[in-house]
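Residue numbers (my numbering): 7 to 256. Notes follow the structure.
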Ligand SMILES: C[S@@+](CC[C@H](N)C(=O)[O-])C[C@H]1O[C@@H](n2cnc3c(N)ncnc32)[C@H](O)[C@@H]1O
């Protein structure tokens with residue numbers, strides 16, 4: 007019975023979100039917001055077609071999980087459990103304050119009381135730079151030796167898709183991309199961004215006591231123009247390269 011109620015609630019939420027995105031009132035509000043933040047606008051748009059690759063975040067996380075005989079999996083941000091239910095690990099913890107997963111709480115509150123360790127962590131909760139940064143900093147110490155952390159939404163296609171606060175009526179990556187510059191410049195982290203599904207970041211630790219490079223003061227107020235100008239500094243790889251790298255890593 008409880009499960010039935012839960013499923014209906016998810017359906018209602020999905021319908022509500024669909025209605026909200028398509029209602030004219032919502033569109034008027036978005037247009038107003040886009041005008042308000044016009045100073046952040048940038049005419050550039052990357053034409054990455056995420057449907058064309060035929061690989062997504064689920065394929066990548068399952069590749070990571072397949073490296074372990076008996077993996078312990080943690081997901082931050084589960085929503086409708088699309089990813090969470092597709093991960094074939096016996097031991098799974100899913101954290102979300104609103105829907106899906108197994109722990110009805112925020113990632114901050116979860117990490118504050120967590121005593122478990124994990125082989126694969128997928129970070130896909132609140133898509134703001136400071137929150138994702140905190141999720142990474144909290145996840146690193148609970149990673150088993152040889153473990154992996156993956157992150158969703160590192161490759162926004164335009165200024166609207168990445169803007170915080172949200173001004174997008176469609177996909178929203180948030181400014182998760184900012185942490186990619188920190189990961190790429192941190193000693194002891196082997197990091198790539200697979201060019202699939204809005205950019206899936208993946209990393210593992212190559213030594214103990216890794217401290218994430220702190221570029222907060224430089225990155226906090228940056229907008230899409232910084233991402234577009236500096237994309238070449240990020241280790242973006244095609245799916246085939248990401249797959250080969252993950253499969254060959256010990
Ligand atoms: C993009 S959805 C996750 C999608 C899911 N990982 C998947 O791949 O199917 C983001 C989720 O993060 C959750 N979220 C928001 N703030 C959070 C927080 N502070 N801690 C954990 N999850 C959070 C939202 O409730 C939402 O369900």
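Heads up, the beta-carbon is just placed ideally off N, CA and C, and yes, glycines get one too. In this text the structure is predicted, and so the values were computed from the model without any measurement.
- Is the beta carbon of residue 168 within less than 7 Å of some heavy atom of ligand 1? Incorrect: residue 168 has no Cβ contact closer than 7 Å to ligand 1.
- CA-CA distance, residue 188 and residue 79? The alpha-carbon of residue 188 is positioned some 24 Å away from that of residue 79.
- Query: For ligand 1, is there a heavy atom less than 7 Å away from the beta-carbon of residue 80?
  - Reply: Distances between the C-beta of residue 80 and the heavy atoms of ligand 1 are all 7 Å or more.
- Task: Determine which residues share a DSSP beta bridge with residue 98 and list them.
- Result: Answer is 79, bridged to residue 98.
- Task: Determine the contact status of residue 181 and residue 63, defining contact as a CB-CB distance below 8 Å.
- Result: Result no, Cβ atoms of residue 181 and residue 63 do not sit closer than 8 Å.
- Message: If I follow the unbroken beta strand (DSSP E) through residue 151, where does it start and stop?
- Response: It spans 149–157 - the beta strand (DSSP E) in which residue 151 sits, taken as one unbroken run.
- Taking the C-alpha atoms as reference points, what is the distance between residue 105 and residue 216? Cα to Cα, residue 105 sits roughly 32 Å from residue 216.
- So residue 175 packs on residue 36, CB below 8 Å; how close in whole Å? Yes, residue 175 and residue 36 are in contact; Cβ-Cβ is about 5 Å, under 8 Å.
- Query: Counting only runs that start and end within the stretch 86–135, where is the beta strand (DSSP E) found for 3 or more residues in a row?
  - Reply: Runs found: 97–101 and 124–129.
- Query: Quick one: Cα of residue 125 to Cα of residue 169, how far?
  - Reply: Taking the straight line joining both Cα atoms gives about 32 Å.
- Query: Looking only at C-alpha atoms, which of 145, 45 and 255 sits nearest to residue 229?
  - Reply: Checking every option, the nearest Cα to that of residue 229 belongs to 45.
- Query: Near residue 113, what residues of its chain come up, given a Cβ to Cβ distance below 6 Å and the 5 sequence neighbours on each side ignored?
  - Reply: Apart from sequence neighbours up to five positions away, the residues of its chain that approach residue 113 with a beta-carbon distance below 6 Å are 82, 101, 131 and 141, ordered along the chain.
- Item | With 16 other Cβ atoms within 10 Å as the buried cut-off, status of residue 77 | For residue 77, the number of other beta carbons within 10 angstroms of its own is at least 16, and it is reported as buried.
- Near residue 34, what residues of its chain come up, given a Cβ to Cβ distance below 8 Å and the 5 sequence neighbours on each side ignored? Excluding residues within five positions, none has a Cβ falling inside 8 Å.
- Query: Who does residue 213 pair with in a DSSP beta bridge?
  - Reply: Bridge partners of residue 213: none, in fact.
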